[in-house]
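**Student:**
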Amino acid sequence: MDADRVFKALSDPTRRRVLDLLCERNGQTLGELCEHLDMARQSATQHIGILETANLVTAVWRGREKLHFINPVPLHEVYERWVRKFEHHRLALLHDLKTELEGGNK
Amino acid sequence: MSKDMRFVYVTYIRSTPEKVFEALTTPEITRRYWGHENVSDWTPGATWEHVRANEQRSVELVGKVVEHSPPSRLVITWANASQAADPASYSRVIFDIVEYESMVRLTVIHDELDPGSGMAKGIQQGWPAVLSSLKSLLETGEGIDVFAKPIAAPHGSRA
Chain B
1 MDADRVFKAL SDPTRRRVLD LLCERNGQTL GELCEHLDMA RQSATQHIGI LETANLVTAV
61 WRGREKLHFI NPVPLHEVYE RWVRKFEHHR LALLHDLKTE LEGGNK
Chain X
107 MSKDMRFVYV TYIRSTPEKV FEALTTPEIT RRYWGHENVS DWTPGATWEH VRANEQRSVE
167 LVGKVVEHSP PSRLVITWAN ASQAADPASY SRVIFDIVEY ESMVRLTVIH DELDPGSGMA
227 KGIQQGWPAV LSSLKSLLET GEGIDVFAKP IAAPHGSRA
């Protein structure tokens, strides 16, 4: 997936709020989401569109209702690529520091 | 109890529908990205088992094959092996595979879940890791460790 789109989608507080709302209750309609968003329906639609493009939200039709589901798979990929790797690095640095302070370096 | 909880997971994989379908239904491949083997003859009505790929080979999940339409759709039921005798414990998983230019869009819908159940909680942590790992395996030849836990900070350090 395109990481740029994921980061762009996450860079806006409204879009993060939408993800939080879907995390609380998955499978909401636009109307339901709008009840918790302080903006016009049209703006909300745009934000949700950006989340869909980033594959962070998936829409599924049920009859005439369009339900929105959070899709955390790209977030997991970001975690694998951008978090786990640096945790290793950070811990290695702490380990080196500890070794040095404790006089492990002869 | 109502079993109306549903999750939808989507990942795009640079691969072919045939390879993705094969990766879901071939034990030797599932063990490489899932740490488990999906074992079945995949005929509709047959059972399938999710077997931990270690020495114990414990059967962790069981279910029935509802639909097997390679390379585009696989539908199975899904329950903890320990609850196999309880019809109410079964949820449903739909794998939907659509070709997207040079990619494949894999959608996993896990529904008919009991909202308060341990299964509903467990699968929310499981699917993102499994699908990331599947994508990684098919695109790079290597899965990721789906059993990996967050690394604990060393004693005395600030988190």
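Heads up: the protein sequence lines correspond to chains B and X, in order. For what it's worth, our numbering labels the leading residue of the first sequence as 1, then goes sequentially. For what it's worth, our numbering labels the leading residue of the second sequence as 107, then goes sequentially. Beta carbons are placed, not taken as given, at the ideal position from N, Cα and C, and that holds for glycine. This structure is a prediction, so every number in the text was calculated from the model and none was measured.
Return helix, strand or coil for H95 (chain B), following the three-state DSSP convention.
**Tutor:** Three-state DSSP puts H95 (chain B) in a helix.
**Student:** With a threshold of 16 other CB atoms inside 10 Å of the CB of T45 (chain B), please say whether the residue is buried or exposed.
**Tutor:** That one is exposed.
**Student:** Which chain X residues are close to H76 (chain B), counting only those with a beta carbon under 8 Å from its beta carbon?
**Tutor:** Neighbours of H76 (chain B) on chain X, chain order: P234, A235, L237, S238.
**Student:** Ends of the alpha helix (DSSP H) at G228 (chain X)?
**Tutor:** Its alpha helix (DSSP H) spans residues 224-246.
**Student:** If the criterion is Cβ atoms closer than 9 Å, does the pair I215 (chain X) and R112 (chain X) meet it?
**Tutor:** Their beta carbons are under 9 Å apart, which means I215 (chain X) touches R112 (chain X) by this criterion.
**Student:** Looking at chain B, which residues of the stretch 211-234 of chain X have a Cβ within less than 7 Å of any of its Cβ atoms?
**Tutor:** Going along the stretch 211-234 of chain X in chain order, one finds P234 with a Cβ nearer than 7 Å to chain B.
**Student:** If T29 (chain B) sits next to K66 (chain B), beta carbons under 8 Å apart, how far is it from one beta carbon to the other, in whole angstroms?
**Tutor:** Confirmed, about 6 Å.
**Student:** Could you have a look at S197 (chain X) and say whether DSSP puts it in helix, strand or coil?
**Tutor:** Of the three classes helix, strand and coil, the one that applies to S197 (chain X) here is strand, per DSSP.
**Student:** What would DSSP say about D202 (chain X), mapped onto helix, strand or coil?
**Tutor:** Three-state DSSP puts D202 (chain X) in a strand.
**Student:** Starting from the beta carbon of R112 (chain X), find every residue of chain B whose beta carbon is closer than 9 Å, and list them in chain order.
**Tutor:** In chain order: N26, G27, V60, L67, F69.
**Student:** Among the candidates X:W184, X:E124, X:R137, X:V199, whose CA atom is the shortest distance from the CA of P176 (chain X)?
**Tutor:** Per the Cα distances, X:E124.
**Student:** For the beta strand (DSSP E) that contains K8 (chain B), what are its first and last residues?
**Tutor:** Careful: K8 (chain B) lies outside any beta strand (DSSP E), inside the alpha helix (DSSP H) at 3-10.
**Student:** Taking the continuous beta strand (DSSP E) assigned at E66 (chain B), which residues delimit it?
**Tutor:** Per the sequence shown, residue 66 (chain B) should be read as Lys rather than Glu. Its beta strand (DSSP E) spans residues 65-70.
**Student:** For W61 (chain B), which residues of its own chain have a beta-carbon under 6 Å away from its beta-carbon, when the five flanking residues on both sides are left out?
**Tutor:** There are no such residues.
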